[in-house]
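Residue numbers (this note's numbering), protein chains in the order written: chain B, 994 to 1719; chain U, 994 to 1719.
C-beta atoms are modelled at their ideal positions from N, C-alpha and C, and glycine is treated no differently.
Owing to the predicted nature of the structure, the values given are computational and were not obtained by experimental measurement.
For reference, the structure discussed in these notes is given below.
2 protein chains.
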Amino acid sequence: MNRTINIKYLIKAVLTFFICFTFGLVKAERGYDLWLRYQPVNDPVLLKQIRLQVENYAVLSNSATGLVIREELGRGLSGLLSKEIESISSENSSLLVATPAQYSGIKKYFDDRELSALGSEGFAIKSVSSKTPRTIITANSDIGLLYGAFHLLKLIQTNQSLEKLNITSVPKIDLRVLNHWDNLDRTSERGYAGFSIWDWHKLPDYLNPRYTDYARANASIGINGTVLTNVNANALVLTPHYLEKVKALADLFRPYGIKVYLTARFSAPIEIGGLKTADPLDAEVLKWWMEKVTEIYEYVPDFGGFLVKANSEGQPGPQDYGRTHADGANMMAEALAPFDGVVMWRAFVYSDEEPDDRAKQAYNEFKPLDGTFRENVLIQVKNGPIDFQPREPFHPLFGAMPETPLMMEFQITQEYLGQATQLVYLAPMWKECLDSDTYAKGNGSEVSKVINGALHGNSKTGIAGVANIGTDINWTGHPMAQSNWYAYGRLAWDTSLSSESIAKDWVRMTYGSNSEVVKTITSILMKSWEASVSYMTPLGLHHLMATGHHYGPGPWVSNLSRADWNPVYYHRADSVGIGFDRTTSGANAVGQYFPEVAEEFGSLGKCPDKFLLWFHHVPWSYQMRSGKSLWNELASKYQEGIDEVRTMQHDWKSLSGKIDEQRFEQVDMLLTIQEKEAVWWKDASMLYFQTFSNRPFPDFMEKPRFSLDYYQSQSFPFAPGIRPRW
Amino acid sequence: MNRTINIKYLIKAVLTFFICFTFGLVKAERGYDLWLRYQPVNDPVLLKQIRLQVENYAVLSNSATGLVIREELGRGLSGLLSKEIESISSENSSLLVATPAQYSGIKKYFDDRELSALGSEGFAIKSVSSKTPRTIITANSDIGLLYGAFHLLKLIQTNQSLEKLNITSVPKIDLRVLNHWDNLDRTSERGYAGFSIWDWHKLPDYLNPRYTDYARANASIGINGTVLTNVNANALVLTPHYLEKVKALADLFRPYGIKVYLTARFSAPIEIGGLKTADPLDAEVLKWWMEKVTEIYEYVPDFGGFLVKANSEGQPGPQDYGRTHADGANMMAEALAPFDGVVMWRAFVYSDEEPDDRAKQAYNEFKPLDGTFRENVLIQVKNGPIDFQPREPFHPLFGAMPETPLMMEFQITQEYLGQATQLVYLAPMWKECLDSDTYAKGNGSEVSKVINGALHGNSKTGIAGVANIGTDINWTGHPMAQSNWYAYGRLAWDTSLSSESIAKDWVRMTYGSNSEVVKTITSILMKSWEASVSYMTPLGLHHLMATGHHYGPGPWVSNLSRADWNPVYYHRADSVGIGFDRTTSGANAVGQYFPEVAEEFGSLGKCPDKFLLWFHHVPWSYQMRSGKSLWNELASKYQEGIDEVRTMQHDWKSLSGKIDEQRFEQVDMLLTIQEKEAVWWKDASMLYFQTFSNRPFPDFMEKPRFSLDYYQSQSFPFAPGIRPRW
């Protein structure tokens, strides 16, 4: 054979490879792969090193989960290392994934105490050396192994060395679930990424490939449960026609460690059961639920349980029959108990008859019920006492119900936080809540310890995130909103992580490990939440969004049927000042907190600026810590928010050419919208508040572009995320 | 440098390349790329040959369209030839794309007559040889060049040689448009692929990358117009808030040769104009439309015009004021004429007061108006006289309005044809219509000649397809439904193409050129439509679908407010027989056709079996051409449809391992549903018809699985494609 030709051919092939490789890089990134892109490690030294360490891998389990691990490692390692990494069936593989039960040799490297500390979901990864370096992932269950495998892939994705690993990771919260507010017709309440990914019509026979990728993404961040349907529930999902479909999803999700839950409409016994009542103390009603639950478990043997919104915003509930929330929750819990199912009962309730401050109502309602719930009931409490505002103080129920497991309910979908047009990284907000000290047992009684059970020793623990997932190709509409799904999962697994470290991981996995890229995007993420608070609801203002769809400013709205649906109820601006007096001389919402917190929030001098107008009605002329008057401080905050967005825009533009064009352009366009919306918020809000303050705009604030009339006349009948009006 | 190491490195790189290549093949195909996948030519001889022929390419135009051509050829050629093909700016490139105006040398190869015959959209491709072989694409416009470039790419995609090319292609129909029945809230009436791809909320600032890929796909098959909004129109789209958004789309689509059209709600002058009337003869109304149209053209200088559904199914229209359709259409046409805009006025009308056969009403209404329309009005007529049924005879208006340009309205979305759960290739249906002889000017007066203007010499010609495009990753929900979008475009460009040749092109481009794959999928496509007619509405039966959503059988429905909304109106089954007597002794719908056709359809002996029950009420005992009684023939047809689906399933399964796993599995799952649905149609229909025929089911028919009661009790409140009910 002619050697020259041979070499020519080889050179050609190499060139072709580089073109192929280059195409790979410039190929449009549509965002579908989320943080599981598995692009080749681009540090050649590290790549070489890891290739030597992971020459092949073995997953000893042959369960459905074992298969999932094998596939994921195959896909991940081959992608990251840019060569095929072989799956072998020998314990002598360079990467070994096994439980001690699958391979007793594991016990050589992990002692019993180590193993037992892993519990049912934790994992350990250790570098061991015999003749050649080896890496071992172990756990007490296949699901633990799966979590460990994803962790190992994350190490490579984030350009970390695999040398001398000695990692142990155990989740502190048991139930880490997503709440989908998705309707059976595929609309999604408060969904801004298109529509529901659940194609109920084609289930059970058609399993959209998205379902699998959804399960992979969730498993990669430790989410182990999903509530498929809207809390504003439709009882039809409990009928056999739909249970067949639920079963299909549950079967698909099971190997990924994800349990399925449903929302249970309290009046279902009437609507689909033909009963005349849904009274939780009626024996027929209990019987109906017991039979229904038994039926559900026939379809889904590991069904997780029910999420219930009752006696809130028009939903039926036990109070319709003069019963308490505990009566309602316990009735369902009794039906679920034999199957180890749970009831997640939402504390987001407020009553029409109750004239008290809306911020106080959940506490008023639930605090007295502490200790009366069955042990398989968790009370699901939103992070703050109002409703997923850009910033809220932590909910006073945290710490106040020592006998009851409280689940955290975060909202990942950005209902009040810019929806799908604004880049707002939510982890810092969640961390602010989790790190807040309730003082329930004195100093050090953080919210995180309430929900992970450490403070009161609850046996059940849980956390829920209202999903931002929809049919958009990139899943979340705004490409950067993927970070919130990711961060929620990571925090649910480990509330002690910093939002910045999570952001960095996400950026590396999603945009690659170029240090300039990582630095820039992380910095944009980290400043985004404070910016959004500043340009929407600074200084503790809240619930000033336009009616219904909550898109854009509507601080002037005062015509809704319930007082506490109107923004004017919350800001209370008048000629004297602005803010809601929730101190002891006002609504006394501070009285629901433990004394240390009550004193801080309740004192005008001690209350942090960020919560000032949440708790105090403050004169326009009041001198703030900055030295500015309240009026000028307000103007300054709005302007600061806009300026921050412009910095974000500027920083983002510096990434041109450093990341793929498609996502670069997408975020760039969205930041243009965000800047416009920030200005809109400032203009509309400051013009409106000026009608009370009668003060001039300070020079440092850009003049409003239009008149207040103009802003008040804007209407968005088809803003997304609400039920369309026909 | 050590040669050995060098070679080792090269070998490694080659291996890496092959792995990379292999990954390319096994990578999940999500269907997003449609028929523009540009996978490497897998015939090595052909690949080598084409690589020699297309070493580089030059697009001389620097217009926006020129840029699009350059990008598409870059992407396409590099993908198909698996090496980077350089874009150069020399007329001596091996592939040259230029108009004679851009490069006068073109005239050496194409004479004036050839060039002038290309018109404004046609193109020519010629192999020429000087020193080296060269290929030249020419046209009189950049858009023509774009069409030519896509044609060349198609030649390579379908594994055709580029030798001795001498191709001329000119569309025979001017307006080749898609109709999107999409609402401003992103729901899509009769949409089965998710929701609307138009994200109105984020427009104009956010341009979803899908918009560009939508434009590329359409340009690749010659579609040159798109009606963005539902014919059941909302006037808000004509307000500045939305016109800004429309402008953004129009700007994006312009380089691809795609004009934007809107649906105009007839009562818009009242709803958004503040007038008291929409009477087309009112001077204020005309003035309002003239101003509105002028305003629209300020946003979109090449705006295409209006599509109007008036006085039909509750839509407002000129008859509300005692005026005719011509009065209404002409008023809008007058406003559009100065800008060269057109009115596409739909003939799909039927009146509540009119007790005549629904099949006759459009003809009754429009035939008398022939010759009274302004010259920029086209009347848009559905292929058949009822409403996109699985099979209809051609619409009697075709040929009957010689003075008026008639546009064809096909429905690509499968409202009555299995929606997104059934594989039904529609080209054979469209061809049956296009090839039907109207006898308007004697033998040879096919429908295709009516709509391309050849028969009556109309100066304006058009064709519309109701789009099946939605937010699903693969655009059309069912992966195979992409073939219908593709076939519609190809037929709109050239009605003389065979449905099989189009199918073959589509399969090669979408699934690759493996001959077994091409043969099998083409055969599945080609039999699919007849199968669906057989298991849903055989022998000329029609409109037997369940109410509202039209999902599944509902031949028993008789309780709808209008007689002609009820299936019983159409099948007229009784103890004697079944079918709608539309002969001269009945409703005399045959009288609307030219005599030759009327005689064929009107005579029981001559009427083809496929239209028998459309035109005749036939006794159960009637002996069919097959020798069977009508009752047994009906049973036989239903069974035949099911058997065909099972053959399709079987054939599809033979492709396992020959195409990518993801699409293989998707279609496989959907065929399972299709088989169930076919059986459901047969069971429900035959059980119901048996209550009239009182005859036993023949042995060759599988016994129904459930009772008629069961089928009648089925309900699908959330079937897709309709407005949700709140």
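Open item on the list: I'd like the list of long-range same chain contacts for S1086(B), defined as Cβ closer than 7 Å, with 5 residues on each side in sequence excluded.
Closed with: Against the first sequence, residue 1086(B) aligns to sequence position 93. Close CB contacts of S1086(B) within its chain, under the 7 Å cut and outside five residues either way in sequence, are with N1049, Y1050, A1051 (chain order).
Open item on the list: Between which two residues does the beta strand (DSSP E) holding A1076(U) run?
Closed with: Position 83 of the second sequence, counting from 1, holds the residue named residue 1076(U). Contrary to the premise, residue 1076(U) reads as Lys rather than Ala in this sequence. Bounds of any beta strand (DSSP E) do not take in K1076(U), whose DSSP letter is neither H nor E.
TODO: Report yes or no: do the segment 1624–1637 of chain U and the segment 1654–1664 of chain U share at least 3 C-beta pairs separated by less than 8 Å?
DONE: Between the segment 1624–1637 of chain U and the segment 1654–1664 of chain U there are fewer than three C-beta pairs closer than 8 Å, too few to call the two in contact.
TODO: Whole angstroms is fine: what's the gap from N1445(B)'s alpha carbon to D1272(B)'s?
DONE: Position 452 of the first sequence, counted from the start, is the residue given in the question as residue 1445(B). Position 279 of the first sequence, counted from the start, is the residue given in the question as residue 1272(B). C-alpha separation (whole angstroms): 33 Å.
Open item on the list: Any beta carbon from chain B within less than 8 Å of W1191(U)'s own beta carbon?
Closed with: Along the second sequence, read from residue 1 onward, the residue named residue 1191(U) stands at position 198. Output row for W1191(U): interface = no.
Task: Cut-off 6 Å between Cβ atoms - residues of its own chain near A1243(B), not counting five sequence neighbours on either side - done: Looking up residue 1243(B) in the first sequence gives position 250. Once the five neighbours on either side are set aside, the close Cβ partners of A1243(B) are V1253, V1293.
Task: G1215(U) burial status per 10 Å Cβ neighbour count (16 or more: buried) - done: If you number the second sequence from 1, residue 1215(U) lands on position 222. With 16 or more other Cβ atoms within 10 Å, it is buried.
TODO: Report the residue from T1222(B), G1059(B), P1093(B), I1149(B) whose alpha carbon sits nearest the alpha carbon of S1071(B).
DONE: Here residue 1071(B) refers to the residue found at position 78 of the first sequence. For the residues T1222(B), G1059(B), P1093(B), I1149(B), the minimum Cα distance to S1071(B) belongs to I1149(B).
Open item on the list: Determine, for M1400(U), whether the minimum Cβ-Cβ distance to residues of chain B falls below 8 Å.
Closed with: Within the second sequence, residue 1400(U) is the residue found at index 407, counting from 1. Residue contact check for M1400(U) against chain B: no CB pair falls below 8 Å.
Open item on the list: For A1393(B), tell me which candidate among W1613(B), A1355(B), E1368(B) has the shortest Cα-Cα distance.
Closed with: Residue numbering aside, residue 1393(B) sits at position 400 when the first sequence is read from its first letter. Closest by C-alpha distance to A1393(B), out of W1613(B), A1355(B), E1368(B), is A1355(B).
Open item on the list: Beta carbons nearer than 9 Å to chain B: which residues of the segment 1655–1676 of chain U have them?
Closed with: Residues passing the 9 Å Cβ filter: Q1655, E1658, Q1659, M1662, L1663, T1665, I1666, K1669.
Task: Rounded separation between W1673(B) and S1686(B) - CA only - done: Locating residue 1673(B) in the first sequence gives position 680, where the first residue counts as 1. Locating residue 1686(B) in the first sequence gives position 693, where the first residue counts as 1. W1673(B) and S1686(B) have their C-alpha atoms some 19 Å from each other.
Task: I1190(U) beta carbon less than 8 Å from that of L1236(U) - done: Here the question's residue 1236(U) lines up with position 243 in the second sequence. Here the question's residue 1190(U) lines up with position 197 in the second sequence. L1236(U) is not a Cβ neighbour of I1190(U), given a cutoff of 8 Å.
Task: Interface flag, F1699(B) vs chain U, CB-CB below 8 Å - done: The sequence position of residue 1699(B) within the first sequence is 706, counting from 1. Answer no: the Cβ-Cβ gap between F1699(B) and chain U never drops below 8 Å.
Open item on the list: Here's a check: name, in chain order, each residue in its chain whose Cβ is nearer than 7 Å to the Cβ of P1126(B), leaving out the five neighbours to either side.
Closed with: Position 133 of the first sequence holds residue 1126(B). Only Q1046, S1120 meet the Cβ criterion.
Task: chain U residues whose Cβ lies nearer than 7 Å to that of T1488(B) - done: The residue you call residue 1488(B) lines up with position 495 of the first sequence. Within chain U, not a single residue places a beta-carbon under 7 Å from that of T1488(B); the smallest gap is close to 34 Å.
- [ ] Mind checking which residues open and close the beta strand (DSSP E) that includes R1169(U)?
- [x] Taking the second sequence and counting its residues from 1, one reaches residue 1169(U) at position 176. Secondary structure note for R1169(U): its beta strand (DSSP E) is the uninterrupted segment 1168–1172.
Task: Close-in-space but distant-in-sequence residues of the same chain around Y1504(B) (CB under 7 Å, 5 per side omitted) - done: Taking the first sequence and counting its residues from 1, one reaches residue 1504(B) at position 511. If we look at Y1504(B) and ignore the five residues flanking it on each side, its Cβ neighbours are V1510, I1514, I1652.
TODO: Indicate whether L1155(B) and V1090(B) have their beta-carbon atoms separated by less than 8 Å.
DONE: Locating residue 1155(B) in the first sequence gives position 162, where the first residue counts as 1. Locating residue 1090(B) in the first sequence gives position 97, where the first residue counts as 1. In terms of Cβ geometry, L1155(B) and V1090(B) do not form a close pair [threshold 8 Å].
Open item on the list: Looking at chain B, is there any beta carbon in it that lies within less than 8 Å of the beta carbon of Y1199(U)?
Closed with: Residue 1199(U) sits at position 206 when you count from the first residue of the second sequence. Chain B contact via Cβ: present.
Open item on the list: In chain order, what are the residue ranges of uninterrupted beta strand (DSSP E) at least 3 long that sit wholly in the segment 1026–1053 of chain U?
Closed with: DSSP runs (the beta strand (DSSP E)) wholly in the segment 1026–1053 of chain U: 1049–1052.
TODO: Tell me whether P1472(U) counts as near the ligand NAP, meaning its Cβ is closer than 7 Å to at least one heavy atom of that ligand.
DONE: The ligand NAP is not among the ligands present in this structure, which contains no ligands whatsoever.
Task: Segment contact flag, the segment 1323–1333 of chain B with the segment 1367–1387 of chain B, C-beta cutoff 8 Å, min 3 pairs - done: For the pair of segments examined, the segment 1323–1333 of chain B was found to touch the segment 1367–1387 of chain B: the number of CB pairs separated by less than 8 Å reaches three.
Task: Residue closest to V1590(U), alpha-carbon to alpha-carbon, out of L1145(U), A1303(U), S1438(U) - done: Taking the second sequence and counting its residues from 1, the one referred to as residue 1590(U) is at position 597. Of the candidates L1145(U), A1303(U), S1438(U), S1438(U) places its Cα closest to the Cα of V1590(U).
Task: Interfacial residues, the segment 1459–1480 of chain U to chain B, with Cβ spacing under 8 Å - done: Residues T1464, D1465, I1466.
Open item on the list: With a threshold of 8 Å between beta carbons, is K1195(U) in contact with chain B?
Closed with: Position 202 of the second sequence, counted from the first residue, corresponds to residue 1195(U). Residue contact with chain B for K1195(U): present (Cβ-Cβ distance below 8 Å to some residue of chain B).
TODO: Look at the alpha carbon of G1570(B) and the alpha carbon of A1460(B), and state the distance between them as a whole number of angstroms.
DONE: Numbered from 1 along the first sequence, position 577 holds the residue referred to as residue 1570(B). Numbered from 1 along the first sequence, position 467 holds the residue referred to as residue 1460(B). Straight-line Cα distance between these residues: approximately 37 Å.
Task: Continuous beta strand (DSSP E) stretch holding G1458(B): start and end - done: Here residue 1458(B) refers to the residue found at position 465 of the first sequence. Looking at the DSSP string, the run of the beta strand (DSSP E) that includes G1458(B) is 1455–1459.
Task: Own chain partners of A1021(U) with C-beta closer than 6 Å, once the 5 adjacent residues on each side are dropped - done: The residue you call residue 1021(U) lines up with position 28 of the second sequence. Closer than 6 Å at Cβ, skipping near neighbours: Q1655.
Task: Span of the alpha helix (DSSP H) around T1287(B) - done: Within the first sequence, the letter at position 294 stands for residue 1287(B). Per DSSP, T1287(B) belongs to the alpha helix (DSSP H) from 1276–1292.
Task: Residues of its chain near Y1562(U), where Cβ-Cβ distance is below 6 Å and the 5 sequence neighbours each way are ignored - done: Stepping through the second sequence from its first residue, residue 1562(U) is reached at position 569. Taken in chain order, the residues that qualify are A1556.
Task: Distance, G1450(U) Cα to K1434(U) Cα - done: The count along the second sequence starts at 1 and reaches residue 1434(U) at position 441. The count along the second sequence starts at 1 and reaches residue 1450(U) at position 457. When rounded, the distance between both Cα atoms is 12 Å.
- [ ] Would you mind telling me which residues of chain B sit closer than 8 Å to L1648(U), beta carbon to beta carbon, in chain order?
- [x] Position 655 of the second sequence holds residue 1648(U). Contacts between L1648(U) and chain B, judged by CB atoms closer than 8 Å, are missing: the closest CB pair is about 17 Å apart.
TODO: For D1636(B), return the contacting residues in chain U, with the cut-off set at a CB-CB distance below 9 Å.
DONE: As a first step, residue 1636(B) must be located in the first sequence, where it is residue number 643. Those within 9 Å of D1636(B) in chain U number zero; the least Cβ separation is about 20 Å.
TODO: Would you be able to state if there are at least three C-beta pairs under 8 Å between the segment 1524–1542 of chain U and the segment 1685–1704 of chain U?
DONE: The segment 1685–1704 of chain U vs the segment 1524–1542 of chain U: no contact.
Task: From R1618(U), T1151(U), V1038(U), residue whose alpha carbon lies closest to that of R1030(U) - done: Counting from 1 along the second sequence, the entry for residue 1030(U) is found at position 37. Distance check between R1030(U) and each of R1618(U), T1151(U), V1038(U) places T1151(U) closest, using alpha-carbon atoms only.
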